[in-house]
Amino acid sequence: MNSSTGSTSTGISVTLEKGLELLERMMLIRRFEERAAQLRAEGLIPGFLHPYIGQEASAVGICDVLSPQDVLTSTHRGHGHMIGRGADPARMYAELFARVGGYNQGKGGSLHMIDTELGFLGANGIVGGGIPIAGGAALQFKRTGSDAVAVSFFGDGASNEGSFHETMNMAALWKLPILFVCENNLYGEFTRQSEHMVLKDVADRAPAYGMPGVVVDGNDVIAVREVTKVAVERARNGDGPTLIETKTYRHRGHFEGDMAKYRPKEEVEEWMKRDPLLTFSTWLSTERDASKADLADVRSRVDTRLEVAIAWAKEQAHPLAEDALNHVYVESFNGEALR
Amino acid sequence: MNSSTGSTSTGISVTLEKGLELLERMMLIRRFEERAAQLRAEGLIPGFLHPYIGQEASAVGICDVLSPQDVLTSTHRGHGHMIGRGADPARMYAELFARVGGYNQGKGGSLHMIDTELGFLGANGIVGGGIPIAGGAALQFKRTGSDAVAVSFFGDGASNEGSFHETMNMAALWKLPILFVCENNLYGEFTRQSEHMVLKDVADRAPAYGMPGVVVDGNDVIAVREVTKVAVERARNGDGPTLIETKTYRHRGHFEGDMAKYRPKEEVEEWMKRDPLLTFSTWLSTERDASKADLADVRSRVDTRLEVAIAWAKEQAHPLAEDALNHVYVESFNGEALR
Amino acid sequence: MTNFTYADGIRQAIAEEIERDPSVFVIGEDVGESGGVFGVTKGLWDRFGSNHLWDTPISEEGIVGAAVGAALVGGKPIVEIMFGDFSFLAMDMIVNQAAKTHYMTGGNLSVPMVVRMVTGTAGSTGAQHSQSLEAFFTQVPGLKVVAPSTAEDAKGLLISAIRDPDPVIFFEHKGLYVGRGGPAGDVVKVDPIPMGVGKIVREGSDVTIVSYLKTLEYAQKAADELAVEGISCEIFDPRTLVPFDRAGLRASLEKTGRLLIAHEAPTRGGFGAEIAAFAAEDCFELLRAPIVRVGARNTPIPYAPIMEKYTLPGVARIAEEVRKLVK
Amino acid sequence: MTNFTYADGIRQAIAEEIERDPSVFVIGEDVGESGGVFGVTKGLWDRFGSNHLWDTPISEEGIVGAAVGAALVGGKPIVEIMFGDFSFLAMDMIVNQAAKTHYMTGGNLSVPMVVRMVTGTAGSTGAQHSQSLEAFFTQVPGLKVVAPSTAEDAKGLLISAIRDPDPVIFFEHKGLYVGRGGPAGDVVKVDPIPMGVGKIVREGSDVTIVSYLKTLEYAQKAADELAVEGISCEIFDPRTLVPFDRAGLRASLEKTGRLLIAHEAPTRGGFGAEIAAFAAEDCFELLRAPIVRVGARNTPIPYAPIMEKYTLPGVARIAEEVRKLVK
Ligand SMILES: Cc1ncc(C[n+]2csc(CCOP(=O)(O)OP(=O)(O)O)c2C)c(N)n1
Ligand SMILES: Cc1ncc(C[n+]2csc(CCOP(=O)(O)OP(=O)(O)O)c2C)c(N)n1
Ligand SMILES: [Mg+2]
Ligand SMILES: [Mg+2]
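Chains as they are written, first to last, in the numbering used here: chain A, 74 to 412; chain B, 74 to 412; chain C, 25 to 351; chain D, 25 to 351.
Below, the structure is given as structure tokens:
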């Protein structure tokens, strides 16, 4: 077996300040999702929501290492990746509310959200759909000698799709600058990992392509950050891709509305103890002397920001019905719209 | 690495008689293909031909171990598998000649040939297309408690298709009675293996699914037979699938007409020395005291059989043009044809 | 009053057919213990066990391929594609393999498989979870295509589809599932409904409206509105798209001389084009007015409800087009 | 006489566009050093190197996905699908991803990608290597679809397709490749041909024949035959199917009042259905006779030449149907 297990965080190089920054980012995701669920219950969000709650350390740990020129593809569970990358919660809410001020002008919703300025190439409604696309971005970087890196987030369930296989193979073959980040939250929809694959570690699929695979505690933001650094450096150096498996757990059901009764109570309890925000807050207190006030500040900054964001989003205009006809094709084609 | 290398044949249990039988089967494939190429040049065969010449030991070694209830799926290079399984060269030629007496009544040709009585579920024009289908047959065997086994033949190039990945995973997960036989002839079309994957051994992809993978000299019919026995027993016992990689070489181009200039001369020469018919004939002479007459008899029996087959096939009727309208749907549907 | 929903019809057809023929089984993602994302197979796992409700990894091509292979050796698989949009990942197995097997093998093999596809919009499900893909399949020689609009039709047609020796694509509109995941309704006996037999849902004399799946409801409401204005609509539900009841449509056009086709798929290249082409070819002498198609506008399905509603054919657009047509 | 084949046109368009815009590149199976199975990219690898002729493993979904991703970050990929039939393995990337990206992102991203698909029959290539799949793509909002019939059109339209900011499906008929793998022909300068502009290939007054790709040749031969009998055919080659030159077709129907559509795809659900539906809707008052479609019969493509020929629309069937139509 070629895959190695990333050592658990020793916290090297993380100051209190940096730690609080990471915590705030994770908190922003958590609270964004909690508020989104409420707003959906209030009827403000019409479409699907797949909450990222519980997995925050994975997105934040990965994204913290990236540079501005890097690009990402994501999944149906994409809010965490977007916020991890630094997206604006206000425009995200506006998109969820289906408003023109949203990232996709109300055309995409949760499943298709993008932020072009951040190189966030999109959530995706198709399981495994983002993987080949990230591969293609990495191919273009390689072809043009760019030192940008592509990151593809996907789940344990997605690793059973053909798209995973085809892209892993090409990426390894061509030594593309890409990170395959499998967020293993133990379930694909209502199906346990043990019922969808034999292996315990998705990372053990990497050797099948001649690629390194690494397992990391996906609830430990520092540990994720450390393995990511290695993988990003490898990618930027032209040494090719890495498969990073972040072991994590979603606290809620598959989608907002799923009661997740298919999960054993003990399992849920066990993972709740390993809540990445909880454990990291504790670590910051004990290892970096974060004060209660420090932590409270983080929370209140996050809440303030989100309430401002929500208020802004609520004020955004609804699209016109006829806006549905735009953007089918690039409008400037031959100077006229083609419908 | 979980995959193991099958020991090279020691010839255990193969008598002269059995050896001559295996040789004859291989010779039948070889000569079938050579004659087919000639007949195509004469204008008797209108479609594609992908000759199996050079790979005979793989098909014959695998098929020799199977039982009547077992089923197989094949590829664009399927004649060897069919003959290995015992198909009738006369009906095969008739199909290639596009006659009604052919296996598919002239509707299929080389790429889609079947023999339902032999459980030969078909060549396939889609690379990787036969893999999920074999998986499905194995699933049905498992569901119904049958002790039949499914075999899927495919190439090194096909192992990069998503269908390979998805089916390997499901087969391992459900412990399906199936053999995945990757005939690695070093090329997918004009592309060397090293240009389509990083690994040297396709068998090393098996561990990614928790499946055993085994490499065997695909030009050694006895060695192939031995690893097949193990895999078939495993499958019949309910212990699940095996990936068998038979290392072999196609003597000719990818298809009839391809001059195969993309292959180094030395490589071709090297492999010609390892011609499975040549080496096995030699082995039979030295290790089993086969006489020159024994070997000559094999050849003449084969040639006689094929000439009779060709003559029969040439006599078969061409289909009527309107036969094209049959078999779009099962004719008995509601008592009338639906077109 | 009986409580018998569209989902009940589908569930009951599956249950009765498994009982009748144990080679019938369901295969798909989360179709087993969980009863499916839309709850359609709920309760069946308890009754028939995992051997008849086979849960799979997320591997659409492999799943449909497994169904094809199982069908070749005696199984009668019913595949559930959770959202029809995912069928694009299994297209090779459906179009290149299943649809052509009987033909390519000169009639020696056949693929008695049903692919159940959840189709259409259900409120901001977005561009990748809302498509109406009938025309991808109706054009494929070798496939049959079914599109029921009522609980009875869903049951009777699914029974026929399961017994059918050919691969059948069976569309189920999300908007017709009622009380998703709710308790199972009453068992209603429904005879198998033969394929290729349409149904006059409403008699009329001014125009024939052909519609199916969820859009049929809108057509009916439009007809109600129009009746008040003195416009008499005949509504024809083909129920199966392949085979299509050409004689039934022709008979209706003999009465009305006008044709409007309404469906949720985009107008361009939707199955309405085929219906229109048939009518313009074989019923030309009956036509007194242009053939009108009311499909979704030619856009992907947008997320925002306002835009989504605008793209889809609704009661108002159907009524409006009929008014223009009979003027 | 210039020696300039269909394959030359395609090859030259690619070469000129790579020279003009280095972000253009070709990606596909064996498109590189070997020059492709049909020899279309022959010589380009020597000229532009592997960075512009990117050979891949056999992984259609991954390949098209790679093109989509590359297009999102500044590349202008031209994918070669060796046989259009294999596109079923990449359908998700084409239909769910590429076609919808610009729309789903509210116009923020676009996918300037060309997918070159080798299409149609070429003599006993069988059911999985002979399909004509235009209607799979013409129905998809967000895709443009091009179907050139001559060397000049192939070159001019491919140039436009490469420069186009949207995903374009570009059909190349095997039967139009001449002297496959032969020496490259003369370089002929061709200006970009705008999309959506059809061409009257032959003027006439009795009937408008719409045809494209290889079938156009048969239509022309049929018209020659019919001319002798005093029947005057106008032939309209739309060249691009999406956008479709509706005005051009209408203008022709104003002259002839009769419409026949001939293409190699199966009649049921082929693009001819869309053309017929358009005409029956928007040009109804011009029509003096039923609209006739001459497509392949609704079967998979059989292997045997006798049957294959029978299923396809040829000169005789086109001529025969025109005769009936003008009678
Ligand atoms: C191709 C496809 N198949 C099925 C689905 C339905 N679906 C949405 S999310 C999901 C589970 C994905 O599991 P995993 O990849 O582990 O991601 P997670 O939801 O756990 O984050 C499924 C089956 C889909 N959206 N796309
Ligand atoms: C899906 C698909 N892609 C591409 C092709 C074209 N093609 C036919 S055979 C072949 C090479 C297959 O290589 P391999 O699997 O190694 O089998 P081999 O030909 O070496 O026996 C290719 C690319 C095809 N038939 N189907
Ligand atoms: Mg998961
Ligand atoms: Mg090979």
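For every residue, glycine included, the Cβ atom is placed at its ideal position computed from N, Cα and C. Nothing here was measured: the structure is a model prediction, and the numbers come from that model.
Quick one: is C:D261 buried, meaning 16 or more other Cβ sit within 10 Å of its Cβ, or exposed? Walking along the third sequence from the start, residue 261 of chain C turns up at place 237. In this structure C:D261 is buried. Its beta-carbon is surrounded by 16 or more other beta-carbon atoms within 10 angstroms.
Verify whether the separation of the beta carbon atoms of B:H123 and B:H149 is less than 9 Å. Here residue 123 of chain B refers to the residue found at position 50 when the second sequence is read from its first residue. Here residue 149 of chain B refers to the residue found at position 76 when the second sequence is read from its first residue. For B:H123 and B:H149, yes; Cβs fall inside 9 Å.
Under 8 Å between beta-carbons, which chain B residues line up against D:P337? List them in chain order, please. For the purposes of this step, residue 337 of chain D is taken as residue 313 along the fourth sequence, with counting starting at 1. The contacting residues do not exist; D:P337 stays about 13 Å from chain B at best.
Are the segment 339 to 348 of chain C and the segment 182 to 190 of chain D touching, with three or more C-beta to C-beta distances below 8 Å? As far as the Cβ criterion goes, the segment 339 to 348 of chain C does not touch the segment 182 to 190 of chain D, which means the pair count is below three.
Which class does B:N310 belong to by DSSP, given the choice of helix, strand or coil? On the second sequence, position 237 is the one that residue 310 of chain B refers to. Three-state result, B:N310: coil.
In this structure, does DSSP put A:L194 in helix, strand or coil? Taking the first residue of the first sequence as 1, we reach residue 194 of chain A at position 121. A:L194 falls in the coil class under three-state DSSP.
Would you say B:Y402 lies against chain C (beta-carbon separation less than 9 Å)? Taking the first residue of the second sequence as 1, we reach residue 402 of chain B at position 329. Interface annotation, B:Y402: in contact with chain C, CB-CB separation under 9 Å.
What is the DSSP secondary structure of D:L68, counted as helix, strand or coil? Numbered from 1 along the fourth sequence, position 44 holds the residue referred to as residue 68 of chain D. Correct three-state label for D:L68: helix.
Under the rule that 16 or more other beta-carbon atoms within 10 Å means buried, what is A:Q389, buried or exposed? For the purposes of this step, residue 389 of chain A is taken as the residue at position 316 of the first sequence. Per the 10 Å Cβ criterion, buried.
Within the same chain, show all residues whose beta-carbon is closer than 7 Å to that of A:I191, passing over the 5 residues directly before and after it, in chain order. By 1-based counting over the first sequence, the position of residue 191 of chain A is 118. Here residue 191 of chain A turns out to be Leu, not Ile, going by the sequence shown. If we look at A:L191 and ignore the five residues flanking it on each side, its Cβ neighbours are R158, G159, A160.
Collapsed DSSP secondary structure at C:C307 in the structure displayed: Taking the third sequence and counting its residues from 1, the one referred to as residue 307 of chain C is at position 283. C:C307 falls in the coil class under three-state DSSP.
Could you tell me whether any Cβ in chain A is nearer than 9 Å to the Cβ of B:E239? To locate residue 239 of chain B, count along the second sequence from 1; it is residue 166. Output row for B:E239: interface = yes.
Any chance you could list the alpha helix (DSSP H) runs of at least 4 consecutive residues sitting entirely within the segment 251 to 298 of chain D, in chain order? Here the runs fully enclosed are 270 to 280.
May I have the straight-line CA-CA distance separating C:G131 from B:H400, to the nearest angstrom? Against the third sequence, residue 131 of chain C aligns to sequence position 107. Against the second sequence, residue 400 of chain B aligns to sequence position 327. Just so you know, the alpha carbons of C:G131 and B:H400 end up roughly 5 Å apart.
Let me make sure I understand the geometry here. Which of D:K66, D:P314, D:L277 has the alpha-carbon closest to that of D:L349? In the fourth sequence, residue 349 of chain D corresponds to position 325, counting from 1. The residue from D:K66, D:P314, D:L277 with its alpha-carbon nearest to that of D:L349 is D:P314.
I'd like to know if B:T426 contacts chain D, where contact means its C-beta is closer than 9 Å to some C-beta of that chain. Not covered by the structure: residue 426 of chain B. The range shown for chain B is 74 to 412.
Is any heavy atom of ligand 2 found at a distance shorter than 8 Å from the C-beta of C:S173? Here residue 173 of chain C refers to the residue found at position 149 when the third sequence is read from its first residue. No, the beta carbon of C:S173 sits no closer than 8 Å to any heavy atom of ligand 2.
Looking only at its own chain, which residues have a Cβ that is under 6 Å from the Cβ of C:V214, when we skip the five neighbours before and after it? Here residue 214 of chain C refers to the residue found at position 190 of the third sequence. Cβ neighbours of C:V214 beyond the five flanking positions: E176, K179, G180.
On the three-state DSSP scale, how would you describe B:K91? By one-based count along the second sequence, residue 91 of chain B stands at place 18. Collapsing the DSSP output to three states places B:K91 in a helix.
Short check: CB of B:T187 to CB of C:G89, under 9 Å? Taking the first residue of the second sequence as position 1, residue 187 of chain B is located at position 114. Taking the first residue of the third sequence as position 1, residue 89 of chain C is located at position 65. With the sequence shown as reference, residue 187 of chain B is identified as Ile, and Thr is not the correct amino acid for it. The criterion of a C-beta distance shorter than 9 Å is not satisfied by B:I187 and C:G89.
If you draw a straight line from the alpha carbon of B:G286 to that of D:V97, how long is it in whole angstroms? Indexing the second sequence from 1 puts residue 286 of chain B at position 213. Indexing the fourth sequence from 1 puts residue 97 of chain D at position 73. Straight-line Cα distance between these residues: approximately 39 Å.
Among the residues of its own chain, which have a CB less than 8 Å from the CB of C:F302, if the five just before and after it don't count? Against the third sequence, residue 302 of chain C aligns to sequence position 278. F268, R270, L273.
I'd like to know whether the C-beta atoms of A:M243 and A:L194 end up nearer to each other than 9 Å. As a first step, residue 243 of chain A must be located in the first sequence, where it is residue number 170. As a first step, residue 194 of chain A must be located in the first sequence, where it is residue number 121. Their beta carbons are not under 9 Å apart, which means A:M243 does not touch A:L194 by this criterion.
When DSSP builds the beta bridges, which residues end up paired with C:Y327? Residue 327 of chain C sits at position 303 when you count from the first residue of the third sequence. BP columns for C:Y327 are empty, so no partner.
What three-state label does DSSP hand D:K238 in the structure shown? Counting from one through the fourth sequence, the residue named residue 238 of chain D turns up at place 214. For D:K238, the secondary structure class from DSSP, reduced to helix, strand or coil, is helix.
Around the Cβ of A:A114, are there at least 16 other Cβ atoms within 10 angstroms (buried) or fewer (exposed)? Position 41 of the first sequence, counting from 1, holds the residue named residue 114 of chain A. Exposed is the call here.
Would you verify that the beta carbon of D:H197 is, or is not, closer than 9 Å to some beta carbon of chain A? What you label residue 197 of chain D is simply residue 173 of the fourth sequence in a count that begins at 1. No, because no Cβ of chain A sits closer than 9 Å to the Cβ of D:H197.
Any residues in the segment 77 to 94 of chain D with a beta carbon nearer than 9 Å to a beta carbon of chain B? Which ones, in chain order? For the segment 77 to 94 of chain D, residues whose beta-carbon sits nearer than 9 Å to a beta-carbon of chain B comprise D79, T80, P81, I82, S83, E84, E85, G86.
Pick helix, strand or coil for B:M332, following the three-state DSSP scheme. Your numbering for residue 332 of chain B matches position 259 in the second sequence. Shown here, B:M332 sits in coil according to DSSP, grouped into three states, outside any helix or strand.
Three-state secondary structure assigned by DSSP to B:N242: Position 169 of the second sequence, counted from the start, is the residue given in the question as residue 242 of chain B. The three-state reading of DSSP puts B:N242 in helix, counting H, G and I together.
Roughly how many whole angstroms lie between the Cα atoms of D:A251 and D:A300? The count along the fourth sequence starts at 1 and reaches residue 251 of chain D at position 227. The count along the fourth sequence starts at 1 and reaches residue 300 of chain D at position 276. Rounded to the nearest angstrom, the gap between the Cα atoms of D:A251 and D:A300 is 24 Å.
Ligand 2 and D:G291: does any heavy atom of the ligand fall closer than 8 Å to the residue's C-beta? Here residue 291 of chain D corresponds to residue number 267 of the fourth sequence, with the count starting at 1. The sequence shown places Thr at residue 291 of chain D, rather than the Gly named in the question. No, the beta carbon of D:T291 sits no closer than 8 Å to any heavy atom of ligand 2.
Using a Cβ-Cβ cutoff of less than 6 Å, which residues in the same chain neighbour A:R325 once the five nearest sequence positions on both sides are dropped? The residue labelled residue 325 of chain A in the question sits at position 252 within the first sequence. Excluding residues within five positions, the ones whose Cβ falls inside 6 Å are P124, I126.
For my contact list, B:L139 and B:V294 are in at a C-beta cut-off of 8 Å; report their separation, rounded to the angstrom. Residue 139 of chain B sits at position 66 when you count from the first residue of the second sequence. Residue 294 of chain B sits at position 221 when you count from the first residue of the second sequence. At roughly 14 Å, the Cβ-Cβ gap does not stay under 8 Å, so B:L139 and B:V294 are not in contact.
Give a yes or no on whether the minimum CB-CB distance between A:F406 and chain D is below 9 Å. In the first sequence, counting from the first residue as 1, residue 406 of chain A sits at position 333. Any reading at A:F406 must be qualified, since the residue scores a pLDDT of 48, below 50, and its modelled position is unreliable; no value is offered.
Taking the alpha-carbon of B:W247 as reference, which of C:T162, C:I285, C:I87 has the nearest alpha-carbon? Residue mapping note: residue 247 of chain B aligns to position 174 of the second sequence, counting from 1. The candidate whose alpha carbon is nearest that of B:W247 is C:I87.
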